[in-house]
Every structure is written in structure tokens, then in C-alpha cells.
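Colleague:
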Amino acid sequence: MLCSSSNFRRGPSLRDLKVAELDDEALREQADALGLALRVDELRSIAQRLERAPSFVELYAFDAQWSEHCSYKSSRALLGRLPTAGPDVVLGPAEDAGILHLGEHEGERYGIVIAHESHNHPSQVVPFEGAATGIGGIVRDVLCMGAEVVAVADPLRFGSVDSGREHQRAVARGVVDGIAAYGNAIGVPNLAGDCYFDGDFDDNVLVNVVALGLVKESEVIHSRVPRHGENFVLLLVGKATDASGFGGASFSSVALDAQEAQSNKGAVQVPDPFLKNVIMRASYRVFSLLRERGIEAGFKDLGAGGIMGCSAELCSAGGFGAEVDLDSVNVALDRLLPEVIAVGETQERLLWALPEEIVDEVERIYNEEFSLPQVAQNARAVRIGRATAAQRYQLRHLGEIVMDVPIDFLTGSVRDTLPVEAPTPPPMRREQDLHCKRSLDDLFHQILAHRDVCSRAPLYRHYDAVVRGRTVIPRGEADAGVMAPIRGSRLAFALSVDGNPRIGRLDPQRAAEHAVYESIRNVVAVGAEPIGLTDCLNYGSPRDARQYGELVAGVDGLARAARDFGLAYVSGNVSLYNGAPNGHAIPASPIVACLGRLTDLSHCVTLPLKEIGSHLYLVGETQRALGGSVLASILALADEAVPEIDIERIVAEHRFVLAAASNGLLRSAHDISDGGLFVTLAEMSFGALADRRAPIGIDLDGYAGWSAAGRFESAFGESGGIVVEVADRDVERFEELAGALESVREIGTTIAEPLLAFEDEAWEIADLHRSWSRPLEELFP
Amino acid sequence: MKARVAVLVFPGTNSEEETRDLLVDCGADARIVHWSEAASLVYYDAFVLPGGFAYEDRIRAGAIAAHDAMLDAVIEGAQAGKYVMGICNGAQILLEAGLAPGTGEIRRPTAAFTHNAQGHFICERVLLRRTVPATRCAIAAALPENLLIPAWAAHAQGRLAAAPAHLDELDRDGYIVFRYADAAGATDAHLAPQGSAHGAAALTNREGNVLAIMPHPERDAWNFNHLDRREGSDPLAPSGGSVLFKSFVTALERL
Amino acid sequence: MERVFAVELKIPDNEAFTAMRALQRLGVAVARVQRADILLFTGDEGEERLAASIERDERLFNPNKHRLEHVPSAHPREGEVWIEAIDAPRSLPMRRLVGWRLYDNAGKPLGNDDLDAACARLLCNPAIERAIR
Chain A
1 MLCSSSNFRR GPSLRDLKVA ELDDEALREQ ADALGLALRV DELRSIAQRL ERAPSFVELY
61 AFDAQWSEHC SYKSSRALLG RLPTAGPDVV LGPAEDAGIL HLGEHEGERY GIVIAHESHN
121 HPSQVVPFEG AATGIGGIVR DVLCMGAEVV AVADPLRFGS VDSGREHQRA VARGVVDGIA
181 AYGNAIGVPN LAGDCYFDGD FDDNVLVNVV ALGLVKESEV IHSRVPRHGE NFVLLLVGKA
241 TDASGFGGAS FSSVALDAQE AQSNKGAVQV PDPFLKNVIM RASYRVFSLL RERGIEAGFK
301 DLGAGGIMGC SAELCSAGGF GAEVDLDSVN VALDRLLPEV IAVGETQERL LWALPEEIVD
361 EVERIYNEEF SLPQVAQNAR AVRIGRATAA QRYQLRHLGE IVMDVPIDFL TGSVRDTLPV
421 EAPTPPPMRR EQDLHCKRSL DDLFHQILAH RDVCSRAPLY RHYDAVVRGR TVIPRGEADA
481 GVMAPIRGSR LAFALSVDGN PRIGRLDPQR AAEHAVYESI RNVVAVGAEP IGLTDCLNYG
541 SPRDARQYGE LVAGVDGLAR AARDFGLAYV SGNVSLYNGA PNGHAIPASP IVACLGRLTD
601 LSHCVTLPLK EIGSHLYLVG ETQRALGGSV LASILALADE AVPEIDIERI VAEHRFVLAA
661 ASNGLLRSAH DISDGGLFVT LAEMSFGALA DRRAPIGIDL DGYAGWSAAG RFESAFGESG
721 GIVVEVADRD VERFEELAGA LESVREIGTT IAEPLLAFED EAWEIADLHR SWSRPLEELF
781 P
Chain B
1001 MKARVAVLVF PGTNSEEETR DLLVDCGADA RIVHWSEAAS LVYYDAFVLP GGFAYEDRIR
1061 AGAIAAHDAM LDAVIEGAQA GKYVMGICNG AQILLEAGLA PGTGEIRRPT AAFTHNAQGH
1121 FICERVLLRR TVPATRCAIA AALPENLLIP AWAAHAQGRL AAAPAHLDEL DRDGYIVFRY
1181 ADAAGATDAH LAPQGSAHGA AALTNREGNV LAIMPHPERD AWNFNHLDRR EGSDPLAPSG
1241 GSVLFKSFVT ALERL
Chain C
2001 MERVFAVELK IPDNEAFTAM RALQRLGVAV ARVQRADILL FTGDEGEERL AASIERDERL
2061 FNPNKHRLEH VPSAHPREGE VWIEAIDAPR SLPMRRLVGW RLYDNAGKPL GNDDLDAACA
2121 RLLCNPAIER AIR
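Chains as they are written, first to last, in this note's numbering: chain A, 1 to 781; chain B, 1001 to 1255; chain C, 2001 to 2133.
(1) Under a Cβ-count criterion, where at least 16 other Cβ atoms within 10 Å of its own Cβ denotes burial, should Ala620 (chain A) be classed as buried or exposed?
(2) Apart from the five residues just before and just after Gly318 (chain A), which ones in its own chain have a Cβ nearer than 6 Å to its Cβ?
(3) Quick one: which residues of the segment 1146 to 1177 of chain B get their C-beta closer than 8 Å to a C-beta of chain C? List them in chain order.
(4) Does any C-beta atom of chain C lie closer than 9 Å to the C-beta of His1115 (chain B)?
(5) By Cβ distance below 6 Å, which residues in the same chain neighbour Ile138 (chain A) in space, the five residues on each side in sequence not counted?
(6) Does any residue of chain A bring its CB to less than 9 Å from the CB of Gly1280 (chain B)?
(7) Going along chain A in order, which residues have a C-beta closer than 8 Å to the C-beta of His1067 (chain B)?
(8) So, does the CB of Glu219 (chain A) fall closer than 9 Å to a CB anywhere in chain B?
(9) Once the 5 residues before and after Leu1167 (chain B) are set aside, which same chain residues still bring their CB inside 7 Å of it?
(10) Taking beta-carbon pairs under 7 Å, can you tell me which members of the segment 368 to 385 of chain A lie near chain C?
(11) Distance check for Gln269 (chain A) and Ala64 (chain A), CA to CA, integer angstroms please.
(12) Please return the same chain residues whose Cβ sits closer than 6 Å to the Cβ of Glu217 (chain A), not counting the five positions on each side in sequence.
(13) If I measure Cβ to Cβ from Ala1061 (chain B) and keep anything under 6 Å in the same chain, skipping five residues before and after, which residues do I get?
(14) At least one CB of chain A closer than 9 Å to the CB of Glu2058 (chain C): is that the case?
(15) At least one CB of chain A closer than 9 Å to the CB of Asp1057 (chain B): is that the case?
(16) Helix or strand or just coil, what does DSSP make of Glu753 (chain A)?
(17) Residues of chain C with CB under 8 Å from Phe274 (chain A), in chain order?
(18) Shortest alpha-carbon distance to Arg2077 (chain C) belongs to which of C:Asp2104, C:Leu2092, C:Ile2132?
(19) If you measure between the beta carbons of Asn204 (chain A) and Ile586 (chain A), is that distance less than 9 Å?
(20) Looking at the unbroken beta strand (DSSP E) that takes in Thr471 (chain A), where does it start and where does it end?
(21) Does the separation of the CB atoms of Lys1082 (chain B) and Asp1045 (chain B) fall below 9 Å?
(22) Along the segment 1080 to 1093 of chain B, what residues have a CB closer than 9 Å to any CB found in chain A?
(23) Is Ala2016 (chain C) near the ligand SAH, with its Cβ less than 8 Å from a heavy atom?
(24) Once you ignore the five residues that flank Gly2079 (chain C) on each side, which residues in its own chain have a CB closer than 7 Å to its CB?
(25) Evaluate the contact criterion for the segment 588 to 604 of chain A versus the segment 672 to 683 of chain A: three or more CB pairs, one atom per stretch, below 8 Å.
(26) Does DSSP put Ser4 (chain A) in a helix, a strand or coil?
(27) Say whether the segment 156 to 175 of chain A touches the segment 639 to 657 of chain A, bearing in mind that this needs 3 or more beta-carbon pairs closer than 8 Å, one atom from each stretch.
(28) So, helix, strand or coil for Ser252 (chain A), using DSSP?
(29) Please name the residue in A:Glu518, A:Leu354, A:Ala240 whose C-alpha comes closest to that of Glu289 (chain A).
(30) Can you list, in chain order, the residues of the segment 2098 to 2130 of chain C whose Cβ is nearer than 7 Å to any Cβ on chain B?
(31) Taking all protein chains shown into account, do 16 or more other C-beta atoms lie within 10 angstroms of the C-beta of Met2001 (chain C), making it buried, or fewer, making it exposed?
(32) So if DSSP puts Thr1250 (chain B) in a beta bridge, which residue, or which two residues, is it bridged to?
(33) Could you tell me the alpha carbon to alpha carbon distance between Leu756 (chain A) and Gly2043 (chain C), rounded to whole angstroms?
(34) Give the DSSP bridge partners of Pro590 (chain A), in chain order.
(35) Give me the Cβ distance between Ala390 (chain A) and Val362 (chain A), rounded to the nearest whole Å; I'm assuming they're in contact under 8 Å.
(36) Starting from Asn1089 (chain B) and walking both ways along the alpha helix (DSSP H), at which residues does that stretch end?
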């Protein structure tokens, strides 16, 4: 049923756009002048549905709400292909964050809230603020589910940062400083992340962020007004609204060029982690108040679309309309235009939907006990409106109605159908071993020093990995970060984030599958059982059929791999229009996070070798496929196939590794990824150096004994797999457990000499460490 | 009766829970006291200022918090002989408040934990060794000689700086309770990851009842924080850096 | 000769707000606080060339959030104090200080007594910093 617009009485100062009176060209011109990204057909459909000229406030509201960022109009249909249900899924991707079941402790079921987003475009324009507000936003997504925020992670893709590339270097440094400044100050440990440097990100870095929270499953707060919530009060909490984020919602949906980056300065979002720290702690107090009183409420983060977007979605998700009075909003500046107050994206704000009986107490917690107005200028909790039975979304400003639209029309799904071009078929696998004139020695050092391989410590040591005191494994000490979030419990979770742009450039579908496989493999390598996934789809323009085709292939790859591994996605995000001003898109960059569960954290396995006389096993197969490998990029090999994912074998391998870990048979473990097996082994041997222990070396058997491919593929191929260390005393039990699994082969032993010995080569571990540990020190001193 | 320890929360503090938990596990009756409850501080036997970013380190780390009403109670308590331990941001606050090294006037600092030599935040594992006699600082008195205490350096402003003559005085007169050490127990100044003067990781006052320690022993304080170093079979048992907290609680029990 | 530039935020400055609140709690009659990075160059380089070099250096300046201003005097103005770390590295081509500008209720630069109090009690730790007036 169409709602009539009869409620709408035009006030004397109302500004509107006479859509019906303008031809297409004039309409486009006027829309451009207003800075609206809405298309002409979209403008006409709004005017038609409202049966009148839309007000400026309404135009900006639809502009935000129907932007790619809010509506997912180019990707929503595709996202339906992703599996989202499973035994460990407590809440799928319908709200601000998803929830996975971690386990039970003292009769309570605990869930891990997980959210995954991108903050790519803002980080390109103002790296420090962009990256910091990325952390700020994702933390609110987790907080508003009623959870205690316990960890963040950050997958990063920077441009080429060779010497002389000052802009790219400044962006990389600014991003890392921004993540550090925000995450460290709010006291949420940075548990995982990855980082690639590639010239194809020169004009468009990727800053993805993941946040995790801990919640009792019985105490989840949803991002909607509860069913009985008619007349619930909308209580806005946080920073005073200013003009700083106006235009943000449209901003992230348009490709960037330098001039635009300049003119977008109004869209700079200013982070305030100090205020956030206090809001988080005040909100925890509110959570316990609501629990004590048995009150059900709605809570949602203000992101794209500001007050309007958040209040509309919070109410409409509960089946209600909303009335909001913009005059009651706490503002930082006088005379802000109503559209700025309505859709501006000032940071550090959240919106509660609460029953009247509790509002005063909640206001008191924020404003007095936690003294928000003292912490930031005019920050506070303030009533701004209510949920209504009428299915309208209504805004008032200076006593006038400035917006009055059917709420389902505003928040309902808009979908674009777009032409798709399938990606070029990837190369086939070679039948012969690689012939290469370079020496293994020379290549090994070059690979260890490669920017995608070398130590990330100079970067991640900017981040607090251990605040809250519950970190079990910080970054760098194993393949996934591990945390024990519940005091008094042995339950722990593991987190890894992955996605390889070198594969993305070659084969978008396989890149997505490998992102899933690698994140799962990393979680398995610490002995944790994978329980769920999130994804962030970073791609080029959906208006370019080929770039859109990469997105389609990527979603198919994500869907297929997750089904194969029996896992679901509980949260995700799509970031489009990533590329250079000349239209050249970034490499297809599906980035996946995998969450794993350890019922007993003592079964956790770390990366460094532990003792001399251990046996090293490779769990996995080597393929004659170097596509996407560091070796292929160093040797500029074209026509290399991307390794296949032999799902049945890999699932069996993972089951075996988990069984070995839980039986205490693994002394250390490390997966094979960027740089290949030799890098894996070298990194395992570096651990003793880092711990200032006596070094442990490795003596490898000849590759012919454990690899079906040639020596270069065996040493540096990136087909996946996990290397595990088994103590001599455990070998029999380990091999018995492996049983008929053919892809478990002994490849060598650990030795007292500080060497990595292979055939006629023997590398000093200290030399390898020198090549590996230093390259990023000069970028992140 | 257990000693009552207040764990102070300023706006921006972020390490209050693990600090409280470890004090409890080490036998104290520790409670978190929030800045709006400053008046209740007089009822506590001892104070711990945990890590974080009080006022987000604005102006200087610890500068604003040193003037907070909560510090009035801490200063009064310290002058009356109560034990006060500040960790990381808490240590910075104690220096800004003039309680450590305490050689000048209150709230007129003579030294500071200031910007790291590398100019940014660092987060890394460190080892600490007490380099003064056991009797010099009551809070650290129960620690065995030469014990290496694991901790995390996690700060952007952890480099002790002051006028050179004052630094020499602090060194000579036993104010530098802990220094950064290597696995062999050496404490050369260059082992301080942020360039701290004299390799200093912690300062006390003349009376030895105040300890301002930059690295976090409480973040490597249970077996699960460092599975490869596990002591005993229970992964949830205190270990590692908890020895300093045990020493703190022991000192309180002897009062 | 010395040339001085101020790099100011054109986005809201949270730190200045907190400094103002803290000073007010200490009884300093301040109603507005502005903060800037003060860059102090010594040498013959011309003003325009220096300004251009600052604007090119992304470690110092981002046009999306900063405004660059040439400061005609090599000394702080009325109501203003510059804070410099005593052991600041001398390897940079310029000295980098933090400038605080304080205003009273009437919108006038803060008087000397109040400014002295603000420095001594909060803005400057003399153990590690010097205040330039």
C-alpha cells in the first residue's frame, strides 16, 4: 500500500527540489550542485512515491540510505549466495555484527560477536583519522550488540613503499599510527592482521577492520526496537553533532581522484578514542542496569547516514516508524543545516531505543556518573525522538516537518542489475617441474626480504597486543591470535584474517577460495576448531562489467569454499569503487576472517620450534602451480596456475592436525603461505632467537622424499599445508593418528646447530633472520 | 583481614580489570574505584593506578590526571605511608604528581616518563630485574634477588628523562628499583627498548612506599599469557609477572 | 634569521578542549584554547619555499585537516606559549614546538599572570620541557 504524503505540510522556510518540473539534464545539474550522488531515475522515483517535491533533507537522507555503502545495491543480490547458517551461528549477518557460539562456562552460553568492515576511502584521504575512525566504527558495531569489546584485527593493503615513494609511505605510516592511536587508547588489544604492499594500491589503500566482543548469549541486545517497543524513547549518546562527517555516506561510494579528495574535506571524520573509552565503559554499566531490571532495549551504532540512517533502521527493523526532533540533538555548532544534523557522520555516537521508565537512569549514567560533557565538548546522552506505530519516518527542525516519508521506502532494499563480464580463465597447471637458473640460496634471501614475506613486527609493535591481560598468543608468535576472554575459564578463541592480492590479480574466484582456506588453515595451525567466517569484499567499480565480474566471481568463490569447509559467514561488508583515478581497479581483494574455538587453551600450539631432536612433518601436498606466489612475482613468471584446493584432502588434514594438537602431540606448528615452505621453516627457527634461547636448527631430508614437485616448487611454492614439530617420544602416537593419511610426511629433524640444512646447502639461521627481520624497519622505524 | 586495595579509574584508563583480577588472585581485597567515587578512596589501605591513557595523554601523559581529585587522596595516603603502585600510565601520573621520585614539591615534577626514542608506541616482551637492595622499596621487598620478571613494555612515553644531574642522583641513591634486563640478567642501559635513562623501568620515592613502574607485569601474569613458559599444570594459575603483585600484597600484610 | 610557521588543525581539536577543561578546573580563567604545531627554521631559505616544503611533507601537513600559517614574529604572541622538549632531536631541519594560545572570557589573549600559572601547573613540565614566552 502506498502511504499518502498528506501529513507533510510545507513550512515557510522549507527548501526542496522541484523534480517534476525539471528535465533530466537540469535535474542532474541541480543534483550535482547539491552534491547528491542519487541518479536521475532514483530522484524521479522518490518524487513519484512522495507525490511532491522532495525536501533537501529528504534528498540527503535518500542519498545516504540508497548509497552503495548503506544499501549494497550492487551486491545485495550476490550476497544471498553466501552460506549464513550453521550449528555455531547464534546470529547471522542481519544486524550490526554477527555472533558465533564459543562455549559454556558455569552454565552460561557465551558468544563471540564479530564485525568486519572497510575504511578504505577515508584512509586514503586522511590516513590517520581514516584508519582511526575505522577502528572506532567497528568497535561500536560490536559494542551495540551488548558485548564487551575484546579484540580488533586489521588487514591492510598499501601501495608500493619503495624509497622515494613518499606519498605511499606517508599513507602507510599514517594508517598504522591511526590504528595504534585509537585501539591502544580504548584498551582493545590488536590480535591479528596481515599486510601487503603492491603498486596496484598506490592510489587506493585498503584498511579493513575486524572487531570481536564477548557476550552471554542470553544478554544479546539487538539492533532493533523490541516488539513491544511502541513509543520507546530514542536516546542519542555521544559526541556533539558537527559538520565534520557530512557527505560521508556518499563519499565512500565514488571513485577517488586527487581533486575530489581535496573537496571532500568536509567529510573528514574526527576520531576521539578518549570519549569512546568512556562511552564503552558507561555502556557496560547500562548493560548491567538493563539486565538487573530485565529490560529489553535496542541499541545501534551511528554510521553512514548518521542520526537519520540509524534511527530509521533501528525502528524499521522492529516494525516501527520514527519521529525525531533535530532541535533536541546536542550539536557542536549553532545553525547547522537540518540535513547536516540528520545525515552527518560525526563519530562516537550510538542510539538507544529504551522504555520511558529507564531513560532518566541511563541518561544519568552517561551524563553524570561518566560525565560525558566533561570528556568532550557537549558530548552527552539526549532524547531525540521515539518509535511510532505509524510507518513513517518523520524529522522536525525548528518546529517544521522537514522530512516525512514511508519508512519502508527509505530503508527498503534498492537493487541495481548490472552487466557482468566473466574474468579471463586462469592458466592451467604445468606438467613439468620449474626450471630456474637462479640459485636456491640467492632466491631464499630475496624471498625472505620480500615485502610480502618479511617480518611484520616493525608494524604491529605499534599496536597494543596485550591490554586487558587475556591475550594467550599475540601477533607474531603463532599463525592466529588467541585470547582467553572469560576469567576462570579455559575457553579461548583464535582469529586470523587473510586474502592474497597476488592471487586476486590472477584469478578472482580462486583468490576468494584461498582467502577462506588460508584463514581456516591459520586457525587450525594453533589447534583451534574453525567455527565461522566474516568477509569484506574490496573491489573496483560495479559499473565496469569486468570489475563487477570479479566481484561476482569472488562471491562465488567465498560461497563455495565456505560450503566445502562447512562454515558460514556471520558478518561482512562490501567496499566498491576501489581503484586509481584512471579507472584501473585494485586487485580483487576478498578478505576473510576466521574465528576458531579452543575448549581448552592448554592445547594451543605456537610457532617457534621447541626442542632439539624433534621430527618435522609436512601436512599437505606440493603442486606445480606457482601462480600468486612470491617466487612467481620475483621471477616474473607468467602463465602459472594458482594452486588447487583439494578439499577432501585438506579437510582430513585439518581434522588430523586438530586431533594431534588436542592430544598434546604438536610442539609447534606453522602454515605454509607467502614465500613457501622454506620461509615457514625459517620463521619457526627464529623463535628461539626472539626468546633469547639457544638456537634450534633444522636438517631437511631431500625433497624427493616428500614432494611430488621440483625443488623450487617444494622450497617456495605456496600450495598451502602446515608444518608441525613432533617430539621424538611422540612420533609413534603421531604416526598412528595419521593412519592412512598420505599427505603427512616427515621432512626433517631439529638440530643443535644453528643452521637450516637442505641437500648441499646450509644457511645460518642468524643470516636468514637478518634478511627477514629488517626490511620494514626502515618504513616503520 | 585482607588488605583493601583501590584500583583507580580515570577517564581513559584501560587496564583496570586485569590489574584488579591479579591483585585478587594474589590475595588482596581489590576494588575498582571510578573517578566519580573519589570520596571513597580514604577508606582504602593502598592504591594502584593501572595502565591506560588517562585523558588520552593530552598535553603530556599523566599531566591532567595528576590534578584529578582522586590524586588528592592518593597524595595524602602516600604521605601518610600508604603503599602506592602506578603501572604504565599510572607511573606517568605518579611522576607528574611528584610522588615519584618525590624529591621535589607535590605536582611539580622533577622527571618524566616521556616520548620513546623511536617516537611512537611500542609493544614488546621485556624482562626486569630489581637493581636495589630488597629493603629499598617495600613494595618490591619480597622478590628474590636477581629474579627476572617478565612483563610487557606497551607505551609511547616510557623513556625516563630529567636533568642529567638529577638522573645521576636517582641512579646513585637507589631510586631506580627495576631496570630492563636480558636473559642473562645484565641491565645495560641500551637494553631499555625506548632509550630510558640508566635503563630505568621503575622509580620509587625516598621512603620506598611508592613504585612507578612503566612495563606491565600484569599482562604476563598467568600461565595462559605465556603457554611456552608454563609453571605447573593449571593454565589459569598466576605466574610470571604476578610475583611483583604478590610482593605488593605481602608488603601490605606486613603493615 | 628565523622563520616560523604554525600548522593548525581545521578539524575540531579534542586536545585543546581537554586542556581548556583541565585549566579551568585548576582555576585558570581561560575560555578558549587554540593549539598549533610551531615549526621554527633558521637560515636563509625564503618564506614561500619553506611553506611549500612544509606543505609537501605529509609527516607535517595534510591539506585535508591542516591549515598553514606564517607567523611574522619569531616569538610567541600575547596570550601564547610555545613548549619545546629539552632533548628534542636536533637532526631535523627545523625545531618543532607545541604552541598554546589562551583566551579569556572577553575573547582577549590571556594575561601574563594567568598564562604563567597555566604553564607552571599544566602546560610545561620543566624537567623535560622549556616554555618560550
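Glycine is no exception: its CB is placed at the ideal position from the N, C-alpha and C atoms.
Modeller: So, to answer that:
(1) The count along the first sequence starts at 1 and reaches residue 620 (chain A) at position 620. Rather than Ala, the amino acid found at residue 620 (chain A) in this sequence is Gly. Buried, because 16 or more other Cβ atoms sit within 10 Å of the Cβ of Gly620 (chain A).
(2) Walking along the first sequence from the start, residue 318 (chain A) turns up at place 318. Within the same chain, and ignoring the five residues on either side of Gly318 (chain A) in sequence, the residues whose Cβ sits closer than 6 Å to its Cβ are Arg224, Val225, Gly229.
(3) When CB distances to chain C are screened at a threshold of 8 Å, the residues of the segment 1146 to 1177 of chain B falling below it are Ala1161, Ala1162, Ala1163, His1166, in chain order.
(4) As a working mapping, residue 1115 (chain B) is identified with position 115 in the second sequence. Look at His1115 (chain B): its C-beta is under 9 Å from a C-beta on chain C.
(5) Translated into positions along the first sequence, residue 138 (chain A) becomes position 138. Excluding residues within five positions, the ones whose Cβ falls inside 6 Å are Ala115, Glu117, Val209, Ala211.
(6) Residue 1280 (chain B) lies beyond the stretch modelled for chain B, which goes from 1001 to 1255, so this question has no answer here.
(7) Locating residue 1067 (chain B) in the second sequence gives position 67, counting from the first residue. Those within 8 Å of His1067 (chain B) in chain A number zero; the least Cβ separation is about 13 Å.
(8) By one-based count along the first sequence, residue 219 (chain A) stands at place 219. Not closer than 9 Å to any Cβ of chain B, the Cβ of Glu219 (chain A) fails to qualify, so no.
(9) Along the second sequence, read from residue 1 onward, the residue named residue 1167 (chain B) stands at position 167. Sequence-distant Cβ neighbours of Leu1167 (chain B) in its own chain, meaning closer than 7 Å and more than five residues away, are Ala1197, His1198.
(10) So the list reads Gln374, Ala376, Gln377, given in the order they occur along the chain.
(11) Mapped onto the first sequence, residue 64 (chain A) falls at position 64. Mapped onto the first sequence, residue 269 (chain A) falls at position 269. The C-alpha of Ala64 (chain A) lies about 16 Å from the C-alpha of Gln269 (chain A).
(12) Walking along the first sequence from the start, residue 217 (chain A) turns up at place 217. Counting only Cβ-Cβ distances below 6 Å, and skipping sequence neighbours, we find Val90, Arg109, Gly111.
(13) Counting from one through the second sequence, the residue named residue 1061 (chain B) turns up at place 61. Counting only Cβ-Cβ distances below 6 Å, and skipping sequence neighbours, we find Gln1092, Gln1157.
(14) Taking the third sequence and counting its residues from 1, the one referred to as residue 2058 (chain C) is at position 58. The Cβ of Glu2058 (chain C) sits closer than 9 Å to at least one Cβ of chain A.
(15) The sequence position of residue 1057 (chain B) within the second sequence is 57, counting from 1. Yes - at least one Cβ of chain A is within 9 Å of the one on Asp1057 (chain B).
(16) Start at 1 with the first residue of the first sequence, and residue 753 (chain A) comes out as number 753. Looking at Glu753 (chain A) - three-state DSSP - the assignment turns out to be coil, as it is neither helix nor strand.
(17) As a working note, residue 274 (chain A) is residue 274 in the first sequence. Per Cβ cutoff of 8 Å: Asn2014, Thr2018.
(18) For the purposes of this step, residue 2077 (chain C) is taken as residue 77 along the third sequence, with counting starting at 1. Looking from the CA of Arg2077 (chain C), the closest CA among C:Asp2104, C:Leu2092, C:Ile2132 belongs to C:Ile2132.
(19) Here residue 204 (chain A) refers to the residue found at position 204 of the first sequence. Here residue 586 (chain A) refers to the residue found at position 586 of the first sequence. Yes, these two residues count as a Cβ contact at 9 Å.
(20) The residue labelled residue 471 (chain A) in the question sits at position 471 within the first sequence. Thr471 (chain A) -> beta strand (DSSP E) spans 471 to 473.
(21) In the second sequence, counting from the first residue as 1, residue 1082 (chain B) sits at position 82. In the second sequence, counting from the first residue as 1, residue 1045 (chain B) sits at position 45. Their beta carbons are under 9 Å apart, which means Lys1082 (chain B) touches Asp1045 (chain B) by this criterion.
(22) none
(23) You won't find the ligand SAH in this model; it holds no ligand whatsoever.
(24) The sequence position of residue 2079 (chain C) within the third sequence is 79, counting from 1. So the qualifying residues of the chain are Arg2101, Leu2102, Tyr2103, Pro2109, Leu2110, Leu2115.
(25) no
(26) In the first sequence, residue 4 (chain A) corresponds to position 4, counting from 1. The pLDDT assigned to Ser4 (chain A) is 41, lower than 50, so where the model puts this residue is not dependable, and the model offers no usable value.
(27) no
(28) The count along the first sequence starts at 1 and reaches residue 252 (chain A) at position 252. Only weak support is given to the placement of Ser252 (chain A): the predicted model assigns it a pLDDT of 42, under 50, and the question is left unresolved by the model.
(29) By one-based count along the first sequence, residue 289 (chain A) stands at place 289. For clarity, residue 289 (chain A) is Leu in the given sequence; the question names Glu instead. Of the listed residues, the one whose Cα sits closest to Leu289 (chain A) is A:Leu354.
(30) Leu2122, Leu2123, Asn2125, Ala2127, Ile2128
(31) For this step, residue 2001 (chain C) is matched to residue 1 along the third sequence. Looking at its Cβ environment, which holds fewer than 16 other Cβ atoms inside 10 Å, Met2001 (chain C) is exposed.
(32) Within the second sequence, numbered from 1, the residue matching residue 1250 (chain B) stands at position 250. Per DSSP, none; premise fails for Thr1250 (chain B).
(33) Residue numbering aside, residue 756 (chain A) sits at position 756 when the first sequence is read from its first letter. Residue numbering aside, residue 2043 (chain C) sits at position 43 when the third sequence is read from its first letter. Cα to Cα, Leu756 (chain A) sits roughly 55 Å from Gly2043 (chain C).
(34) Taking the first sequence and counting its residues from 1, one reaches residue 590 (chain A) at position 590. Pro590 (chain A) pairs with A:Leu537.
(35) Translated into the one-based positions of the first sequence, residue 390 (chain A) becomes position 390. Translated into the one-based positions of the first sequence, residue 362 (chain A) becomes position 362. Going by Cβ atoms, the distance from Ala390 (chain A) to Val362 (chain A) rounds to 25 Å, so no, they are not a contact pair.
(36) Here residue 1089 (chain B) refers to the residue found at position 89 of the second sequence. Here the alpha helix (DSSP H) through Asn1089 (chain B) covers 1089 to 1096.
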